[in-house]
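Just so we're aligned: 286 in the UniProt record's numbering is position 286 of the sequence shown, and the numbers increase by one with no gaps anywhere. Glycine is no exception: its CB is placed at the ideal position from the N, C-alpha and C atoms.
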Amino acid sequence: MSDPAPAVYGFGEWRVDLTRRLVLRHDQPVPLPPRAFDTLLFLLQHRGRVVGKDELLQAVWPDTFVENNLNQSISALRRAFGERRGDHRFIATVAGRGYQFVAETHLAPPEATAVAPDPVVTGIAEPATSPVRTAVVRAGTANRRGMWTAVALVALSIVGGLGLTTWSWSKQSPGIPRRIAVLPFKALVPDAADTSLQFGMAEAIIGKLAALRDLTVRPMSAVRRYAAADQDPIDAGRELGVDAVLDGQVQRWGDRVRITARLVRVADDRQLWAGQFDEAFNDIFALQTSISEQVTRSLALTLTPGERTRLARRHTADPVAYQLYMKARVFAAQSNRDSMQRAIALLEDATARDSGYALAHAALAECYSRLPVTSDVPPLEAFPRARQAATHALQLDAELADAHVTLGWIALWHDWDWEASEAAFKRALALQADNASAHMGYGHLLSDLGRNDDARREADLALASDPVSALAMTLQGHFLYQSRRYEEEAQAVRQALDLAPDFWVAWVTLAKIDMTRGRRDAALEQLARAVELSGGSSEPLSLIAYAHALAGRRAEARRALQELETRARERYVPAYYVAVVHLGLGDTPATMRWLERAYTERDAHLVFLAADPKWDVLRRDAGFARLLKQLRLPLLGPENSGSTH
């Protein structure tokens, strides 16, 4: 049956008000994209039958026949209704046919409908002379141009020209959230998705909230995997071990940006706050600040004056520099040489436009510092640039925890200054106690020095901050490998591969454990996978030669060694990798020559010499002991497996 358009549909605690184009739960507005509202309305009007996909697309998107638009709207409705996968409380999917609204529904005249309370307008207090902007009610059909539809006639407070509508309520259930995740924002219009804008919004809000002492915020690395349009935020929140999730949608049209956002408690799926924003793109920094402030209010956080200042801080006033930064962060997350180089180029453009952009300098430092250990890039080329960028970032903002983390890595990998490295990581943790990267870096330092119990503690803290980090799990496995706890290591690394099967570093780490247990053929398969996934990194190639040598296949080992040496004549190859092959072949003089060359080149991998089990065969060699002394590394024995401090 198809109904004439009634004033209100009701089902359970839900109401759909056609006149005001509102969806209400317990009389509280629930924000929906306009096309999702139109999809819901069409399903309600035809709730007695299955509505085909083509029919829905023609009704809601008559000019743009793209099935993904419909999928996005159905996903948005299911998120709004709190449906889990497999639930059919409201909208049922009929395989091969379409969708049907299945909840028991009644019609109500306008006068019988509970009226939603007026939206609570919140924001930073402004002088009495601040302008007031009014949102206009639009009833009837959706705007076919996809423009944002206002949901009520309400005065809006303005923050430096910022127009915003927010809803919140003071009624609080027990258990105010103190651990939250900010998921990557989704596109309002899937065909016009802007990944850098969507991730950038989440990262900016994470950066602001992470600086608050009473709030634990999952890092961007933890939430990046939840970017899919149909991701259930409650499921993500449970996996991340948080109390509440902030998710939203964002779209840019020309010089305008439109955003919806909501904060939902994971335990009971209760919406704690929701807001809709429609402003000039140049005001995006004010939008990010406003959303962050609304979240802190909804969580009843008491902020210090310093925290308020930091929450409102803008790292750049240049929208173009900001866009360059956002795009660079997307490339940097891919962690291969080509994407890292593209990220560096974008960040250099961003800092050229705004030399005072501290976040861009910090991100540039991080990219340069990662190149020598993730790609075959000379340390003497990359680390000085990393140091310069990190130092500049801290001159602009001494409280940037990530810049201190990068200095900690530089002191570890390049300077071999263990005290400076420890001080930098501790400074980062003093600024941001749940910084997963700082815990990983500090744990790496402790493991390399043989302080195994302390290293494992830092690995546990990193995973507590970022429980779905394949890198943190792999590093935990590496620390266990260096403390000779091989069974535990294998378990940790397999968990990482379950999460990220294409993470080549995890395959290398698993191969190392299999080699120590004599499973060299399995290790060779894992290393071949790593070569492919890494784009031909020299590290898995060197370990393939090492594994052949250990298995007595000296001809294969020498062929692989020749390939490495040929490559080294054409471009930089870490000398440490060549030394590893000679180690497997039992050629101690050649091994030491290449290790000495690695020392001259400031090869980052020399930090492994004290604790990595493969070097146990040289522990009594005078030349090896002398090199460890030059590096100020402890001379650890094969018994390096317990509590060493």
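DSSP places I180 in the strand class (E or B) of the three-state scheme.
Cβ contact annotation for V30 (same chain, cutoff 6 angstroms, sequence separation greater than five): V23 and A80, in chain order.
Y486: member of the alpha helix (DSSP H) spanning Y486 to L499, first to last residue. Around the beta carbon of P34, 16 or more other beta carbons sit within 10 angstroms, so the residue counts as buried. Residue environment analysis places L43 among the buried positions, since at least 16 neighbouring C-beta atoms fall within 10 angstroms of its C-beta.
For G10, the uninterrupted beta strand (DSSP E) run begins and ends at V8 to F11, by DSSP. The Cβ atoms of P634 and A610 lie closer than 9 angstroms to each other. With respect to the 9 angstroms criterion, A545 and E532 are not classified as neighbours on the basis of their beta carbons. Between L346 and F285, the alpha-carbon positions lie close to 20 angstroms from each other. Counting along the chain, Y99 sits inside the beta strand (DSSP E) bounded by residues G98 to F101. The criterion of a C-beta distance shorter than 9 angstroms is not satisfied by F331 and V250. R218: not part of any beta strand (DSSP E); DSSP gives it neither H nor E. In the structure shown, Q334 falls within a coil segment according to DSSP collapsed to helix, strand and coil. Contact between the segment 216-230 and the segment 467-486 is established, with three or more Cβ pairs separated by less than 8 angstroms. Taking the Cα positions, D283 is about 9 angstroms away from V257. Taking every protein chain shown into account, the CB of E419 has fewer than 16 other CB atoms within 10 angstroms, so this residue is exposed. DSSP places A382 in the uninterrupted alpha helix (DSSP H) bounded by P379 to L396. Within the model, the alpha-carbon separation for D514 versus A228 is close to 35 angstroms.
Shown here, Q432 sits in coil according to DSSP, grouped into three states, outside any helix or strand.
Restricting attention to D434, F608 and A103, the CA atom closest to the CA of E13 is found in A103.
Using a 10 angstroms sphere on the CB of P372, the tally of other CB atoms reaches 16 or more, which defines it as buried.
Taking 3 residues as the minimum length, the beta strand (DSSP E) runs contained wholly in the segment 242-287 are 244-253, 256-265 and 271-280, in order along the chain. Beta-bridge pairing by DSSP links A92 to Q100. Note: K186 is bridge-paired with Q249 in the DSSP secondary-structure output.
CA-to-CA, the gap between Q28 and L499 works out to about 38 angstroms. Secondary structure in the segment 508-589: the alpha helix (DSSP H) runs of 4 residues or longer, each lying completely within the stretch, are 520-534, 538-550, 554-570 and 575-584 in chain order.
Exclusion of the five residues before and after A625 leaves L635 as the residues of its chain whose Cβ lies within less than 7 angstroms of its Cβ.
Cβ contact annotation for L463 (same chain, cutoff 6 angstroms, sequence separation greater than five): A472, in chain order. Bounds of the alpha helix (DSSP H) holding R370 are A358 to T374.
Around the C-beta of S537, 16 or more other C-beta atoms lie within 10 Å, and the residue is accordingly described as buried. The criterion of a C-beta distance shorter than 9 angstroms is satisfied by P540 and V508.
Collapsing the DSSP output to three states places G52 in a strand.
Here DSSP, grouped into helix, strand and coil, assigns H106 to strand. One alpha carbon belongs to D214, the other to S421, and they sit about 27 angstroms apart. The count of Cβ pairs closer than 8 angstroms, one atom from the segment 371-385 and one from the segment 595-609, reaches three, so the stretches are in contact. Exclusion of the five residues before and after R387 leaves I410 as the residues of its chain whose Cβ lies within less than 6 angstroms of its Cβ.
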